[in-house]
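Report on one structure; see the data block that follows.
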Amino acid sequence: MTNAEPLLRVRDLCVTFPARRGRPPVRAVDQVSFDIEAGRTVGLVGESGSGKTTAGRAILQLQPATGGSVRLLGRELTAMSRAQVRGMRRHMQLVQQNPYSSLHPRMTIAQILAEPLTVHRSVPSQRIAERVAELMTLVGMDPAVVPRYPHEFSGGQRQRIVIARALAVNPDFVVCDEPVSAVDVRTQAQIVDLLHDLQDKLRLSYLFIAHDLAVVRAVAHRVAVMYGGRIVELGDAARVYDSPVHPYTRNLLDAVPIPDPARQRAKLAESSPEPQFRGRDGETGPCVFGEDHAAGGMPAWHEVGPGHGVSCRFWPPGVTPPALKGH
Amino acid sequence: MDDRGTLLQVRDLTAQFNLDGVPSRVVKGISFDIAPGEAVGFVGESGCGKSVTARAIMRLAPEGSSVEWGGRILFRGQDLLTLDEHEMRDMRGRRIAMVFQDPMASLNPVMTVGAQIDDILCRHTGVSRRAARRRTVELLGLVGIHDPALRADDYPHQFSGGMRQRVLIAIAVSCQPDLLIADEPTTALDVTVQAQILRLLMRLRRELGMALMLITHDFGVIAGMVERVYVMHGGEIVEFGEIDALFAGPRHSYTQALLAAVPRIETARRTA
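Residue numbers (the working numbering), protein chains in the order written: chain A, 1 to 327; chain B, 1 to 272.
Below, the structure written as structure tokens:
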């Protein structure tokens with residue numbers, strides 16, 4: 001896969017919200033770059049307001065990007081017309097958080113699942129019922145329940161229906177934005193299992209956006225940590241979770257409660273770190289790693305291991321990076 | 001029970017709703033105790049009756065519904081279910097206080113947070129406005145709000161989610177209750193903010209010597225916070241015990257299933 005372009009390639013993606021009520025414009029997504037290979041999952045984690053949802057929407061062209069490039073299946077999405085983007089929608093789909101508001105309450109499951117098939121003309125009309133039944137089976141539900149309405153189903157079942165709708169058009173890439181944060185823990189585990197099975201079966205690629213780091217660990221091959229609109233650390237899940245380099249990543253991982261009384265008590269007994277992260281925009285001179293990006297015109301990004309990188313921005317004052325190989 | 005005695009004794013508590021004339025029992029005769037100063041957890045999935053149980057102690061019916069309580073809720077030996085509304089109002093906020101999941105919905109958007117706390121202090125402790133404000137500033141400082149004297153004049157929307165939850169905790173502890181009930185107090189918050197709020201609750205419990213009833217669906221949250229835990233399912237307590245023992249060896253199959261489903265940060269992706 002070294003010469004071939006990955007399924008999704010995002011480069012320097014920026015989304016700026018215009019100035020409002022005397023406030024300066026907000027850079028919600030700031031030079032975000034990453035790849036997703038076919039059949040793989042990238043987890044995007046960060047706290048509310050970090051820009052992870054906006055990044056997901058900008059990749060799907062649901063939110064205009066103010067800069068950068070998004071290439072899916074080798075085609076540049078940001079330069080496309082609306083009609084062309086609409087044509088690309090059968091390759092890219094979205095699964096959202098709330099299984100209560102993302103299904104039309106007055107449409108039956110059959111109608112909900114048939115809609116994308118009709119819109120994208122992906123199957124001939126006489127085959128729609130058959131395809132709907134197929135989709136229900138695919139997400140582990142009984143095809144006989146399709147005449148029912150969304151309110152007749154539990155949160156977990158609704159989330160399965162939302163996933164079935166996303167898969168109706170046979171997409172290659174699905175953005176899952178907090179797909180399991182509104183359901184109970186046992187249902188959560190079932191949905192995560194389902195997403196795994198579907199990925200194996202259909203070679204799907206996922207961008208899995210979540211604030212729950214434990215869930216992301218369970219699904220992601222690679223993890224990107226967002227803070228203040230930027231990716232501050234990106235690498236294989238094992239590396240990012242087991243040997244995080246960026247202080248923000250450590251901060252985030254440290255805060256995750258552990259379902260083990262002795263360890264969790266010890267954790268809470270430690271004093272709460274409240275580091276003040278500082279953006280280093282417009283700063284001149286060397287960064288925390290001793291490189292001068294402004295002078296060299298280079299991105300503020302440092303490889304710390306194979307496929308593992310960190311940003312030299314947003315380090316709390318006084319924190320020096322751990323000794324790194326190659327630096 | 002240990003030698004601390006009992007603060008709260010709940011016996012055969014039932015809660016019955018009327019849904020379109022059809023009675024539906026969501027809490028089915030549960031009994032439990034909380035000792036003074038003790039931290040007790042209630043875990044379970046949505047709809048298991050844990051929140052309704054918490055609300056029963058405050059005698060608050062879930063929004064837009066009427067509920068019939070049964071059984072006994074003995075608080076310092078006094079049955080809360082037999083108190084009239086006036087007596088109960090005195091109990092609420094003063095002896096028993098509650099913090100909810102959604103801090104924005106619990107605050108008045110058109111009043112400064114300081115004025116809201118002042119009001120409660122005046123009503124419950126009968127102090128002057130001036131003395132109340134002094135105490136309000138003290139309380140905001142206690143829950144870790146910087147520049148409390150200045151922030152008291154801000155409106156709820158000027159606070160972040162975590163800061164709003166701190167304000168609600170300040171309100172809840174304002175009259176030094178004997179029992180603080182926290183219903184999913186960190187569910188809507190970011191993980192770093194969650195850790196701060198949990199630490200704050202621990203510190204306040206220690207400093208004010210109050211008992212804590214923590215309701216959550218999150219086994220990670222419950223693990224570090226309480227001494228004993230009750231697991232609820234379908235309106236019943238299916239298992240209870242010391243927190244360490246319950247995590248080490250859950251007996252009931254439901255508890256086992258719940259614990260097995262908890263995602264762990266150390267556990268990597270299932271390999272295909």
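We put the CB at the ideal spot given by N, CA and C, even for glycine. The structure displayed is predicted, hence computed values, not measured ones.
Could you pull the start and end residues of the beta strand (DSSP E) that B/Gln273 belongs to? Any property of residue 273 of chain B remains undetermined from this structure, which presents chain B solely from 1 to 272.
Beta-carbon gap between A/Val42 and A/Leu207 smaller than 8 angstroms: Yes, Cβ-Cβ distance for A/Val42 and A/Leu207 is below 8 angstroms.
Where B/Ala272 sits in the DSSP three-state scheme: The pLDDT assigned to B/Ala272 is 49, lower than 50, so where the model puts this residue is not dependable, and the model offers no usable value.
With a 10 Å radius around its C-beta and 16 neighbouring C-beta atoms as the bar for buried, classify A/Pro286 as buried or exposed. Counting every other CB atom within 10 Å of its CB across the protein chains shown gives A/Pro286 a total below 16, marking it as exposed.
Determine whether the beta carbon atoms of A/Leu113 and A/Arg165 lie at a separation below 8 angstroms. Taking 8 angstroms as the Cβ cut-off, A/Leu113 and A/Arg165 qualify as a contacting pair.
Under a Cβ-count criterion, where at least 16 other Cβ atoms within 10 Å of its own Cβ denotes burial, should A/Lys267 be classed as buried or exposed? With at least 16 other beta carbons inside 10 angstroms of its own, A/Lys267 counts as buried.
Residue ranges of each alpha helix (DSSP H) run of no fewer than 4 residues wholly in the stretch 131-184 of chain A, ordered along the chain? For the stretch 131-184 of chain A, whole alpha helix (DSSP H) runs of length 4 or above, ordered along the chain, are 155-167.
Within the continuous beta strand (DSSP E) that includes B/Ile96, where are the two ends? Here the beta strand (DSSP E) through B/Ile96 covers Ile96 to Val99.
Nearest neighbour of A/His104, chosen from A/His246, A/Gln199 and A/Glu152 [CA to CA]: Closest by alpha carbon: A/Glu152.
If you drop the 5 nearest sequence neighbours on each side, which residues of the same chain put their C-beta closer than 8 angstroms to that of A/His196? Within the same chain, A/His196 has close Cβ partners Val219.
Reducing DSSP to helix, strand and coil, say where A/Ala210 ends up. Looking at A/Ala210 - three-state DSSP - the assignment turns out to be strand.
Output the distance between the C-alpha atoms of A/Ser181 and A/Asp212, rounded to the nearest integer angstrom. Annotation: A/Ser181 to A/Asp212 spans about 8 angstroms, alpha carbon to alpha carbon.
Using beta carbons (cut-off 8 angstroms, strictly below), is B/Glu45 in contact with chain A? Interface residue, yes.
Going straight from the alpha carbon of A/Gln159 to that of B/Leu200, what length do you get? A/Gln159 and B/Leu200 have their C-alpha atoms spaced approximately 35 angstroms apart.
Quick one: give me the first and last residue of the alpha helix (DSSP H) that A/Pro261 is part of. In the DSSP assignment, A/Pro261 falls within the alpha helix (DSSP H) that extends over Pro261 to Ala269.
Residue span of the beta strand (DSSP E) that contains A/Gln31, given as start and end: Segment Val26 to Ile36, the beta strand (DSSP E) holding A/Gln31.
Does the stretch 174-193 of chain A come into contact with the stretch 89-109 of chain A, if we say contact requires no fewer than three beta-carbon pairs (one atom in each stretch) closer than 8 angstroms? Counting Cβ pairs under 8 angstroms, three or more are found: they touch.
If we cut at 8 angstroms on Cβ distances, does A/Gly326 have a partner in chain B? Unreliable placement is indicated for A/Gly326, whose pLDDT of 45 sits below 50; the coordinate value is still reported in the next sentence. With 8 angstroms as the cut-off, A/Gly326 does not count as an interface residue toward chain B.
Please compile the residues from chain B whose C-beta is within a distance smaller than 7 angstroms of the C-beta of A/Tyr241. Going along chain B in sequence order, the residues near A/Tyr241 (Cβ under 7 angstroms) are Ile265.
Spatial neighbours of B/Gly70 in its chain, beta-carbon cut-off 6 angstroms, leaving aside the 5 residues before and after: Result list for B/Gly70: Thr14, in chain order.
Under the three-state reduction of DSSP, which class applies to B/Ile145: helix, strand or coil? Reduced to three states, the DSSP call for B/Ile145 is coil.
Pull up the distance between the alpha-carbon of B/Asp2 and that of A/Gln190, whole angstroms please. With a pLDDT of 48 at B/Asp2, under the threshold of 50, the modelled position of that residue is not reliable, and the figure given next carries that caveat. Here the alpha carbons of A/Gln190 and B/Asp2 stand approximately 40 angstroms from one another.
Take B/Leu198 and list the residues in its own chain whose beta-carbon comes closer than 8 angstroms to its own, dropping the five residues that flank it on each side. Non-local C-beta neighbours of B/Leu198 in its own chain, meaning closer than 8 angstroms and more than five positions away in sequence, comprise Thr186, Val221, Gly224 and Met225, ordered along the chain.
By how many angstroms is the C-alpha of B/Asp190 removed from the C-alpha of B/Cys175? Distance between the alpha carbons of B/Cys175 and B/Asp190: 28 angstroms.
How long is the line joining the alpha carbons of A/Val215 and A/Ile36, rounded to whole angstroms? A/Val215 and A/Ile36: Cα-Cα distance of roughly 19 angstroms.
Pick from A/Ile109, A/Val123, A/Glu115 and A/Pro150 that is closest to A/Pro143, judged by C-alpha positions: It is A/Ile109.
Show which residues of chain E have a CB atom less than 7 angstroms away from the CB atom of A/Arg160. Note that chain E does not occur in the displayed structure, where the protein chains are A and B.
Could you check where the alpha helix (DSSP H) with B/Asp90 kicks off and where it finishes? For B/Asp90, the uninterrupted alpha helix (DSSP H) run begins and ends at Glu85 to Met91, by DSSP.
Please tell me whether A/Gln157 and A/Met141 are closer than 8 angstroms, where the distance is taken between their beta carbons. Against a cut-off of 8 angstroms, the Cβ pair of A/Met141 and A/Gln157 comes out as a contact.
Hey, quick one: how far does the beta strand (DSSP E) through B/Val231 stretch, first residue to last? Judged by DSSP secondary structure, B/Val231 falls within the beta strand (DSSP E) whose first and last residues are Arg228 to His233.
At least one CB of chain A closer than 8 angstroms to the CB of B/Val221: is that the case? Closer than 8 angstroms to some Cβ of chain A, the Cβ of B/Val221 qualifies, so yes.
Which runs of the beta strand (DSSP E), 3 residues or longer, sit entirely within the stretch 31-61 of chain B? Unbroken beta strand (DSSP E) runs of no fewer than 3 residues, entirely contained in the stretch 31-61 of chain B, are found at 39-43, following chain order.
Kindly list the residues whose CB is nearer than 7 angstroms to the CB of B/Ser106, restricted to its own chain and excluding five residues on each side of it in sequence; keep chain order. The residues are Phe100 and Leu168.
Sorted by chain position, which residues of the same chain lie with C-beta nearer than 7 angstroms to B/Ala272's C-beta, five sequence neighbours on each side aside? Reliability fails at B/Ala272, whose pLDDT of 49 lies under 50, so the model's placement of it is uncertain and no value is given.
Tell me A/Cys14's beta-bridge partners as DSSP assigns them. BP columns for A/Cys14 point to A/Gly67.
Backbone secondary structure at B/Gly220 - three-state DSSP: Assigned with DSSP and collapsed to three states, B/Gly220 falls in helix.
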